[in-house]
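Asker: Please see the structure below; I have some questions.
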Amino acid sequence: MQHSLWLGPVIAVAGLLSYFTVFARWPMFRDTAWFNLLVLAVGLALSLLGLRRALVRGGWRIAAAIGSTVISGTAAAALVYYVFFLSYQLPSAEGVTAVGEAMPSVALASTDGRQLDVSRPDSDPTIVVFYRGFW
Amino acid sequence: MSALDGLQGEIESFRAAGAQIIAVSPDSTEKNEQVRQNLGLEFPILSDSDLVLTKALGIVHEGGGMEGEDIPRPAIFIVRDGTVRWRSLTDNWRVRIRPGPLLAAFEQVSGR
Numbered sequence: 153m154q155h156s157l158w159l160g161p162v163i164a165v166a167g168l169l170s171y172f173t174v175f176a177r178w179p180m181f182r183d184t185a186w187f188n189l190l191v192l193a194v195g196l197a198l199s200l201l202g203l204r205r206a207l208v209r210g211g212w213r214i215a216a217a218i219g220s221t222v223i224s225g226t227a228a229a230a231l232v233y234y235v236f237f238l239s240y241q242l243p244s245a246e247g248v249t250a251v252g253e254a255m256p257s258v259a260l261a262s263t264d265g266r267q268l269d270v271s272r273p274d275s276d277p278t279i280v281v282f283y284r285g286f287w
Numbered sequence: 102m103s104a105l106d107g108l109q110g111e112i113e114s115f116r117a118a119g120a121q122i123i124a125v126s127p128d129s130t131e132k133n134e135q136v137r138q139n140l141g142l143e144f145p146i147l148s149d150s151d152l153v154l155t156k157a158l159g160i161v162h163e164g165g166g167m168e169g170e171d172i173p174r175p176a177i178f179i180v181r182d183g184t185v186r187w188r189s190l191t192d193n194w195r196v197r198i199r200p201g202p203l204l205a206a207f208e209q210v211s212g213r
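So the protein sequences, as listed, match chains A and B. Number 287 marks the last residue of the first sequence (this note's numbering); no jumps. Number 213 marks the last residue of the second sequence (this note's numbering); no jumps.
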């Protein structure tokens, strides 16, 4: 079963990329990334299995198996880094306008062509959602 | 983006509760209009491209953008009578409050 040498990296890379392109859309997949982490674990396991087999059989397979493991391992490490470290990189909440404090009065251009001031909305109360912008 | 998508998905529940939603982004009005149309959003997006409101609220994420630009951290405020009555700041920008708990917070603030 030489499949595991190439199947491992293919599964692992697909597991990494599909998190961003597909699964991050739905909170149940996005929040813990459990599904993509599982896919990456399968890919890495296949590569490791191939590596173990290659070490027994020797020859050129060892180099291929090492390459396979490096690719799968890098993909797995990238998602783990993103999910468990990078996405926690936020400034401290200190100094953020707290409950009971006034909403700053600033007029901003809206998509409906008007200038809106979120401290004086047309409908009260109002939910104001800040997001990071569209990339 | 999925956060706005998620809110739009529950827009009827928010409407029924009398909850108006206003989104704020660091993008231009043109970009916001594109996003609004692409996602079919039925609530407006304000452009805080100079981060005036973002800075006044203390929610600037310095260098947090894709190209190292300053952007707002994800945050939600419920405002009543010009005062912040509830807020949600995530500690992980992948994870946002879901529409259900947000609606519950709104109902509590609006006293209904």
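A virtual CB, placed ideally from N, CA and C, is assigned to each residue, including glycine. Note that the structure is predicted; figures quoted are calculated from it, not measured.
Between B:Thr130 and the rest of its own chain, which residues show a CB-CB distance below 6 Å, the 5 nearest in sequence each way excluded?
Answerer: So the list reads Ser148, once near-sequence residues are dropped.
Asker: With a 10 Å radius around its C-beta and 16 neighbouring C-beta atoms as the bar for buried, classify A:Ser275 as buried or exposed.
Answerer: It is exposed - the Cβ of A:Ser275 has fewer than 16 other Cβ atoms within 10 Å.
Asker: Label A:Phe237 either buried or exposed according to how many other C-beta atoms from any shown protein chain fall within 10 Å of its C-beta, with 16 as the threshold for buried.
Answerer: It is exposed - the Cβ of A:Phe237 has fewer than 16 other Cβ atoms within 10 Å.
Asker: Helix, strand or coil: how does DSSP classify A:Ser199 here?
Answerer: The answer is helix: DSSP assigns A:Ser199 an H, G or I state.
Asker: State yes or no: is the beta carbon of A:Ala227 nearer than 7 Å to at least one beta carbon in chain B?
Answerer: Answer no: the Cβ-Cβ gap between A:Ala227 and chain B never drops below 7 Å.
Asker: List, in order along the chain, the chain B residues whose C-beta lies closer than 7 Å to that of A:Ser271?
Answerer: What A:Ser271 touches in chain B: Val180 and Gly183.
Asker: A:Ala254 versus chain B: which residues are under 9 Å apart at the beta carbon?
Answerer: In chain order: Gly183, Thr184 and Val185.
Asker: So the alpha helix (DSSP H) A:Arg272 belongs to, where does it begin and stop?
Answerer: Per DSSP, A:Arg272 belongs to no alpha helix (DSSP H) and is neither H nor E.
Asker: In the DSSP assignment, find the unbroken alpha helix (DSSP H) run with B:Ile160 in it and report its ends.
Answerer: Here B:Ile160 belongs to no alpha helix (DSSP H), and DSSP marks it neither H nor E.
Asker: Between the segment 104 to 131 of chain B and chain A, which residues of the former have a C-beta closer than 8 Å to a C-beta of the latter?
Answerer: Taking 8 Å as the Cβ-Cβ cut-off against chain A, the residues of the segment 104 to 131 of chain B that qualify are Ala104, Leu105, Asp106, Gly107, Leu108, Phe115, Gly119, Ala120, Gln121, Ile122, Ile123, Ala124, Val125, Ser126, Pro127, Asp128 and Thr130.
Asker: Following a CB-centred definition, is B:Leu203 positioned closer than 6 Å to any heavy atom of the ligand NAD?
Answerer: Although the ligand NAD was asked about, the structure shown includes no ligands whatsoever.
Asker: For a cutoff of 7 Å on Cβ pairs, would you count A:Thr127 as touching chain B?
Answerer: No information on residue 127 of chain A is available, as it lies outside the stretch 153 to 287 that chain A covers here.
Asker: Under a Cβ-count criterion, where at least 16 other Cβ atoms within 10 Å of its own Cβ denotes burial, should A:Met180 be classed as buried or exposed?
Answerer: Flag for A:Met180 reads exposed.
Asker: Are any of the Cβ atoms in chain C nearer than 7 Å to that of B:Gly159?
Answerer: In the structure shown, chain C cannot be found, because the protein chains are A and B.
Asker: Quick one: residues in its chain with C-beta nearer than 6 Å to the C-beta of B:Ser189, no 5 flanking neighbours on either side, listed in chain order?
Answerer: So the list reads Ile177 and Ile198, once near-sequence residues are dropped.
Asker: Whole angstroms are fine: how far does the CA of B:Val210 sit from the CA of B:Phe144?
Answerer: Each residue's Cα considered, the two are about 20 Å apart.
Asker: Which residues mark the beginning and the end of the alpha helix (DSSP H) in which A:Trp158 is found?
Answerer: Where A:Trp158 is concerned, the enclosing alpha helix (DSSP H) stretches over His155 to Thr173.
Asker: Cβ closer than 8 Å: which chain B residues qualify as neighbours of A:Gly247?
Answerer: Near A:Gly247 (Cβ distances below 8 Å), the residues of chain B are Gly159.
Asker: At the level of alpha carbons, what is the spacing between A:His155 and A:Leu260?
Answerer: So the two alpha carbons sit approximately 57 Å from each other.
Asker: What's the gap between the Cα of A:Leu196 and the Cα of A:Ala228?
Answerer: Between A:Leu196 and A:Ala228, the C-alpha separation is close to 7 Å.
Asker: Which residues in chain A sit within 7 Å of B:Asp192, going by Cβ to Cβ distance?
Answerer: Correct list: Tyr240 and Leu242.
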